[in-house]
Structures are given as structure tokens and as C-alpha cells.
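Everything on this sheet refers to the single structure shown next.
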Amino acid sequence: MKTYFKPSLLLLFLTMALSVVSQEKLVKSGDKFYNQNLFSKAIDSYEKSLSKIKSNRKPYIVGQIANSYNQLFDYRNAAKWYSKLMEFSDLPDDAYYNYGNALRNLGNYQEALSQYKKYCEQSGNQQMLPKFEKICAWPDSEEAKKKALFDIYETDLLIGNKALGMTFFENRILFSKPKSDEKTGIIVFNDLASAEIIDSVSFGQGEILKNINSKFYDATPSTNRENNLVFFSSNATLDKKAKKEVPKDKANIENPLKIYYSIKTGSEWSKPERVTFDNGEYNFSFPFISADAKTLYFSSDMPGGYG
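Read in numbering that gives the first Met the number 0, the sequence shown has 71 at position 72, and its numbers run on one by one without any break.
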């Protein structure tokens with residue numbers, strides 16, 4: 000007996016199959032962007048995949064969106080997506096920890112403590128609970144009620160965007176200026192820029208530094224007293240050798256963070272050079288040069304550090 004398929008049913012099956020393949024491609028694309036630290040692009044891919052993805056994949060996608068916003072320091076959206084993630088079961092320990100951090104950054108200390116308690120209970124890390132309780136109780140403590148030593152004001156520099164990593168430089172400041180995608184307008188990465196200091200809260204137009212910036216992330220500058228040397232964090236796309244040195248167990252991190260330095264001669268900055276202690280095995284970022292220029296402090300995932 001021959002079996003016949005109606006053309007309409009066959010077309011429906013093909014459409015559904017193509018849709019599943021398309022959604023999985025978006026998830027893989029999101030993962031690739033996430034591993035490249037391209038969090039804004041990762042969010043875009045994940046959100047597009049979310050509407051028609053299989054239900055058992057949704058916790059992963061929602062979690063990745065929340066983590067991406069968290070990496071961008073957008074705690075309001077991170078908390079929104081972590082809240083959605085809490086609707087699912089069998090979540091990893093760090094989901095509660097990250098949700099707690101996002102809520103704490105938004106000033107919601109009681110709910111943050113609730114999430115920290117869930118983290119401690121599920122992870123078995125109960126020795127951390129007193130620390131979390133102390134942190135979340137601090138806003139109501141006598142110490143918090145003391146008169147502030149400093150007044151904080153918002154500057155007129157890039158209001159509404161995510162400028163970060165500032166240092167003083169002559170009569171200017173160096174900082175990391177957000178760089179947006181020309182097509183989508185989404186902030187993709189950052190460039191090093193400088194702006195004239197007009198007064199304590201007013202600055203001139205930020206100008207991108209020449210000869211220093213890469214295609215991706217350049218931030219957290221630190222200069223010496225003579226203002227002729229700058230250290231900064233950047234992706235290894237500046238340096239083909241650095242990309243080749245990434246060990247196999249970190250091969251998914253396609254743009255590892257490295258520390259570079261540049262020397263200023265006259266009005267020109269030299270081509271950035273990677274610091275000599277970087278053997279290619281770890282990420283290095285957030286450099287800070289001491290006042291006597293004899294010590295460089297930095298952050299790294301290498302063993303033996305503090306914090």
C-alpha cells in the first residue's frame with residue numbers, strides 16, 4: 000500500500016524543521032558572541048531565538064540573556080531576566096548568586112538576601128551566609144548613616160551611555176568611550192578617548208585617541224606622573240601572537256583580555272605593545288601603575304592572586 004503526503008502537510012513539516020534549525024543557529028551565534036565578550040550582540044541573538052526554541056532550552060537562553068546584561072553592568076535588565084529564570088526548576092547555583100548581586104546593585108537588599116540564602120542552601124556553601132547577611136544589612140547600619148565624606152555629582156560626559164575607566168592626563172581625562180554598532184545602535188565595545196577638563200563636573204567633547212584603539216574592547220587606562228606612558232586593557236585582536244597563545248582549554252575565548260602600553264612622544268602615541276610578563280596562558284586586565292611608576296597592579300585569572 001502506497002503512502003501519500005499532502006503537499007500542504009509536507010510544506011508544514013519542512014517549515015517546522017527549518018525553523019528549528021534556524022533557532023539553533025541563533026543560539027550558537029549567541030554563544031559565539033558571548034564567548035567573544037560581545038554581550039550586546041549575544042543578547043540580540045538569544046532574544047531572537049527565544050520565541051520558537053524548544054521549552055527545555057529556554058532556561059539556558061534566559062540565563063544567558065541575564066548573564067549578558069550582568070556582564071554589561073546593566074543590573075536592571077539583568078534582574079528582570081534573572082526573575083524570568085527563577086520560573087524554571089533545576090537551576091545552577093550561580094543563578095541565585097548572580098540574581099542576588101543584581102538586586103543588591105539595585106538597592107533591593109532584602110530580596111537579594113533571599114537569593115543569597117537560596118544560593119548557600121543549594122551550593123552547600125553555608126559559611127558564606129553571614130557575609131551576605133552583613134552586606135545586605137549594611138544600609139540600615141549606624142556606619143551607613145554617618146555623614147558622607149564626599150559629595151557625588153553626575154558629570155556632563157556621555158550621560159546616558161556606559162563610559163568607564165577614567166584617569167587624569169595633563170589638563171584632560173582619559174576614559175573608555177562606548178562604541179555603538181552603526182546598523183543597530185547597540186553599544187558593542189569601547190574606545191580610549193580623552194576630553195578637556197572644564198571644571199569639576201564639566202568636560203569637553205570626547206576625542207578618540209589615535210594609533211591605540213583596536214576593533215573591540217579598549218578600556219581602563221592608567222598613566223604615569225609624566226603623562227607619557229599609558230597602560231590599558233584590550234582584546235588580543237591587537238596582537239596575532241597573543242591570539243595564537245590561547246591554551247586549548249580556553250579556546251572558546253576568542254578575544255582574551257590583555258594589558259598593553261603605549262608611549263607618548265610629542266603629540267603622538269606609539270603602537271601598543273603587550274606587557275612582557277604575559278605568557279599567553281591567562282587573561283590580564285585593569286592595570287594600575289603606582290605613583291612611583293615601579294609597580295603595576297592588575298587583575299587576572301592566573302592562580303595566586305588576591306580577591
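In this text, a Cβ means the ideal position worked out from N, Cα and C, and glycines have one as well. Values in this document were obtained by computation on a predicted structure and should not be read as measured data.
Taking only beta-carbon atoms, is residue i less than 9 Å away from chain B?
| i | result |
| --- | --- |
| A290 | The chain labelled as chain B is not found in the depicted structure, where only one protein chain is given. |
Hey, how far is the Cα of residue i from the Cα of residue j?
| i | j | result |
| --- | --- | --- |
| Y281 | E142 | 39 Å |
| Y260 | T275 | 10 Å |
| Y318 | E206 | Because the chain is modelled from 0 through 306, residue 318 falls outside the range shown and cannot be assessed. |
| A192 | L208 | 5 Å |
| G123 | K117 | 10 Å |
| Q126 | C119 | 8 Å |
| S96 | K270 | Position check: residue 96 holds Tyr in this sequence, whereas Ser was assumed. Each residue's alpha carbon lies about 41 Å from the other. |
| S213 | I288 | 22 Å |
| K24 | Y45 | 10 Å |
| K31 | K146 | 47 Å |
| I68 | K51 | What sits at residue 68 in the sequence shown is Tyr, not Ile. One C-alpha to the other measures close to 22 Å. |
| W268 | W80 | 42 Å |
| R75 | F38 | 15 Å |
| D92 | Q121 | 6 Å |
| K27 | K40 | 12 Å |
| P138 | D73 | 22 Å |
| N226 | P129 | 45 Å |
| N303 | K144 | One point to set straight first is that residue 303 is Gly, not Asn, in the sequence displayed. So the two alpha carbons sit approximately 37 Å from each other. |
| F215 | G164 | 16 Å |
| Y305 | K53 | 42 Å |
| M301 | N234 | 17 Å |
| T154 | T166 | 15 Å |
| D190 | E110 | 36 Å |
Let me know if residue i comes out buried or exposed under the rule of 16 or more other beta-carbons within 10 Å of its beta-carbon.
| i | result |
| --- | --- |
| L173 | buried |
| L148 | exposed |
| T307 | As shown, the chain starts at 0 and ends at 306. That puts residue 307 outside it, with no answer to give. |
| I197 | exposed |
| Q114 | buried |
| D291 | exposed |
| P220 | buried |
| P286 | buried |
| V245 | Below a pLDDT of 50, predicted positions are generally treated as unreliable, and V245, at 48, falls in that range; no measurement from the model is reported. |
| G106 | exposed |
Considering only C-alpha positions, which residue in the set the options is nearest to residue i?
| i | options | result |
| --- | --- | --- |
| N210 | I196, E169, I262 and K257 | I262 |
| Y59 | L228, C135 and S88 | S88 |
| I151 | P91, V200 and F283 | V200 |
| G265 | N104, L128 and L228 | L228 |
| N278 | D291, F287 and P255 | P255 |
| K57 | N66, L84 and K79 | L84 |
| G203 | Y216, S232, N170 and T219 | N170 |
| F168 | D190, R224 and F215 | R224 |
| N36 | Y108, D217, N104 and L112 | D217 |
| Y33 | M301, A65 and N55 | A65 |
| S140 | Y108, N234, S175 and D155 | Y108 |
| S232 | D73, K27, G106 and F283 | F283 |
| F230 | G303, S298, F188 and E153 | S298 |
| L156 | I134, E195, N189 and K293 | E195 |
| R94 | L105, S82 and F215 | Here residue 94 is Ala; the residue named in the question, Arg, does not match the sequence. It is S82 whose Cα lies nearest to the Cα of A94. |
| N104 | L90, P129, I134 and K130 | I134 |
| I42 | V61, K53, D92 and G303 | V61 |
| L90 | K130, N55 and E110 | N55 |
Mind reading off the beta-carbon distance from residue i to residue j? Whole number of angstroms is fine, and I expect it under 8 Å.
| i | j | result |
| --- | --- | --- |
| A77 | A101 | 4 Å |
| Q70 | S48 | Their Cβ separation, rounded to whole angstroms, is 18 Å, which puts Q70 and S48 out of contact at 8 Å. |
| Q63 | G29 | 6 Å |
| L112 | E132 | 7 Å |
| F188 | K178 | 5 Å |
| R273 | K257 | 6 Å |
Could you check whether the Cβ of residue i sits closer than 8 Å to any heavy atom belonging to the ligand NAD?
| i | result |
| --- | --- |
| L112 | The ligand NAD is not part of this structure, which contains no ligands at all. |
Along the chain, which unbroken stretches of the alpha helix (DSSP H) at least 4 residues long are found entirely within the segment 172 to 230? Runs of the alpha helix (DSSP H) inside the segment 172 to 230: none found.
Segments assigned beta strand (DSSP E), at least 3 residues, entirely inside the segment 82 to 126: Under the rule that a run must span 3 or more residues, no beta strand (DSSP E) segment is found entirely inside the segment 82 to 126.
Which complete beta strand (DSSP E) runs does the segment 131 to 169 hold, if anything under 3 residues is left out? Runs of the beta strand (DSSP E) lying entirely within the segment 131 to 169, each at least 3 residues long, are 163 to 168 in chain order.
Continuous alpha helix (DSSP H) assignments of at least 4 residues falling wholly in the segment 33 to 89: Listed in chain order, they are 38 to 49, 57 to 70 and 74 to 84.
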